[in-house]
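Residue numbers (the working numbering): 249 to 763. Inspection log for the structure reproduced underneath, given as structure tokens.
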Ligand code: NAD
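Now the structure itself:
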């Protein structure tokens, strides 16, 4: 038996996976000195079993008290913090990202768990509403869990995106079957282990493993709700499948996020914000900034200063602290990024800095890259790269900047750099996207876990975070109690008289301003 399969067989984390196909997937670490153990793969029958196990866990979990659920969230926060070193190692090993960016995932998960602990009960508790007839009709709305929620997660934020949606679903009383990306299964397994250590009963969350078009598809065909995070292409396939089944889904998809830098922007503020906006997790982040529109009068000054700072970004490819930006996560994705930049160059874009693979640092390290001279006819102007590549373009008026910002099919995130808060608010209202950050890249909205996040247009539908992120995992049920006279006409009564009474009632209600 090889060392890796021995590691695999003895690993208690595997107890969370339902996988009997006998096949394995071997992911490669982007960090050359690190190895990732293979994972067993699920097949159709495993997905079926995971759904059945999850359905049976749902029967009891949906009746647990909110205080039980809050206890799990409380303990989870402590466990994440306590085990952070091990978690940071596994995230780095599977993604190659810088340790600071891995830490952002843990912080995001802790903040989400805390928000859910403190707020989920009040978000989903039943509330009274005005009934059909004042005083005599009492209506209330219950938020009932849906059942088995299938969470399909990508590789770029493998810890937070495996957890944060699952946590909201669980707090709303659902059970979860999670399918992580095959590149980052071990990170997801660590997240699930923490949940069970925090007291979540066995079976409330299960993991299936494998490729999207097979295992992911089987999950979409059987779960009661799908929470998908990934590319717009896959989102479109899933939307068709859930449409056919008439089940609901939230789709968190790609973006081509703009930043507008107004003429009054502070240069230091811009530099500080733009570097992390473009290069966090090597740009492999749905809300990463990929295009910056700068007022023409400050364009040269801001461009030159930005390029200088980008050239000074430190790169690395090892476990631990000590560098600003890490690797691209896979060879295939690195090739996509290289090809996007090459194509842009061949179409006339100018590479101001970057544009090279740095094998001297690590096999999958790609330099942070700044382009200029990009125009609307080039694919890179409107297609997501999902890497450390940004282009800078001058604008002559705010109207032009807004027009260019809105000129893609996406609508995920945007940012505005200015000192004029009123102007920023006006610009934000004209941007077609789900979140707008003023004097920040993406972190202000991303970190505001009490507010919803999601996309317009081809960036998806539905919202994670905030009350909206919990309510999507519930079905609203209205219960109305009628006291005294009935609302509808009694069969056999004089219909004309009933009609007169109804008209009178409506006039009375409007006259008394009851509604
Ligand atoms: P992807 O769509 O290829 O894969 C995402 C997940 O879906 C993986 O687990 C994959 O196995 C699974 N999958 C693939 N095909 C499937 C199918 N036919 N049926 C069911 N599941 C399937 O995306 P990716 O390349 O892993 O992730 C990068 C993309 O995700 C980027 O476009 C990025 O912008 C987007 N993303 C969006 C958000 C957001 O919140 N909006 C967050 C992170 C990433």
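Backbone N, C-alpha and C fix where the C-beta goes; we use that ideal spot for every residue, glycine too.
Bridge partner(s) assigned by DSSP for residue i
| i | result |
| --- | --- |
| residue 642 | 542 |
| residue 400 | 427, 476 |
| residue 614 | 605 |
| residue 662 | 684 |
| residue 573 | 563 |
| residue 537 | 505 |
| residue 390 | 725 |
| residue 320 | Partner(s): none; residue 320 has no beta bridge. |
| residue 619 | 599, 639 |
| residue 265 | 455 |
Short Cβ contact (9 Å threshold) for residue i with residue j
| i | j | result |
| --- | --- | --- |
| residue 689 | residue 359 | no |
| residue 295 | residue 383 | no |
| residue 640 | residue 457 | no |
| residue 387 | residue 727 | yes |
| residue 709 | residue 503 | no |
| residue 615 | residue 588 | no |
| residue 449 | residue 305 | yes |
| residue 418 | residue 371 | no |
| residue 531 | residue 636 | yes |
| residue 300 | residue 287 | no |
| residue 446 | residue 323 | yes |
| residue 634 | residue 581 | yes |
| residue 717 | residue 401 | no |
| residue 407 | residue 354 | yes |
| residue 577 | residue 523 | no |
| residue 722 | residue 391 | yes |
| residue 658 | residue 501 | yes |
| residue 714 | residue 699 | yes |
| residue 469 | residue 488 | no |
| residue 510 | residue 677 | no |
| residue 329 | residue 364 | no |
| residue 620 | residue 602 | no |
| residue 350 | residue 564 | no |
| residue 410 | residue 440 | yes |
| residue 380 | residue 725 | no |
| residue 538 | residue 632 | yes |
| residue 663 | residue 682 | no |
| residue 405 | residue 356 | yes |
| residue 496 | residue 720 | yes |
| residue 474 | residue 486 | yes |
| residue 298 | residue 399 | no |
| residue 540 | residue 697 | no |
| residue 368 | residue 420 | yes |
| residue 630 | residue 656 | yes |
| residue 595 | residue 625 | yes |
| residue 643 | residue 754 | no |
Beta-carbon separation (whole angstroms), residue i vs residue j, contact threshold 8 Å
| i | j | result |
| --- | --- | --- |
| residue 546 | residue 649 | Not quite, the Cβ-Cβ distance comes to about 13 Å (not below 8 Å), so this is no contact. |
| residue 432 | residue 342 | 5 Å |
| residue 702 | residue 711 | 4 Å |
| residue 273 | residue 437 | That belief does not hold up - the Cβ atoms of residue 273 and residue 437 are roughly 13 Å apart, past 8 Å. |
| residue 544 | residue 687 | That belief does not hold up - the Cβ atoms of residue 544 and residue 687 are roughly 21 Å apart, past 8 Å. |
| residue 476 | residue 499 | 5 Å |
| residue 802 | residue 396 | What the structure shows of the chain is the stretch from 249 to 763, and residue 802 is not part of that stretch, so it cannot be assessed. |
| residue 746 | residue 758 | No, residue 746 and residue 758 are not in contact; Cβ-Cβ is about 19 Å, not under 8 Å. |
| residue 610 | residue 279 | 7 Å |
| residue 674 | residue 654 | 14 Å between Cβ atoms; not a contact. |
| residue 573 | residue 561 | 5 Å |
| residue 525 | residue 536 | 7 Å |
| residue 427 | residue 376 | Not really, about 39 Å apart at Cβ, beyond 8 Å. |
| residue 512 | residue 668 | 6 Å |
Runs of beta strand (DSSP E) lying entirely within the region 694–743, each at least 3 residues, in chain order: Runs of the beta strand (DSSP E) inside the region 694–743: 722–730.
Those runs of the alpha helix (DSSP H) which lie wholly inside the region 478–532 and span at least 4 residues: Whole alpha helix (DSSP H) segments, 4+ residues: 480–493, 515–527.
Completely contained beta strand (DSSP E) runs for the region 336–387, where each covers 3 or more residues: For the region 336–387, whole beta strand (DSSP E) runs of length 3 or above, ordered along the chain, are 375–378.
Alpha helix (DSSP H) runs contained entirely in the region 406–468, provided each spans 4 or more residues: As far as the region 406–468 is concerned, its whole alpha helix (DSSP H) runs of at least 4 residues are 408–419, 433–445.
Alpha helix (DSSP H) runs wholly inside the region 269–312, at least 4 long, in chain order: Within the region 269–312, the complete alpha helix (DSSP H) runs of at least 4 residues are 292–309.
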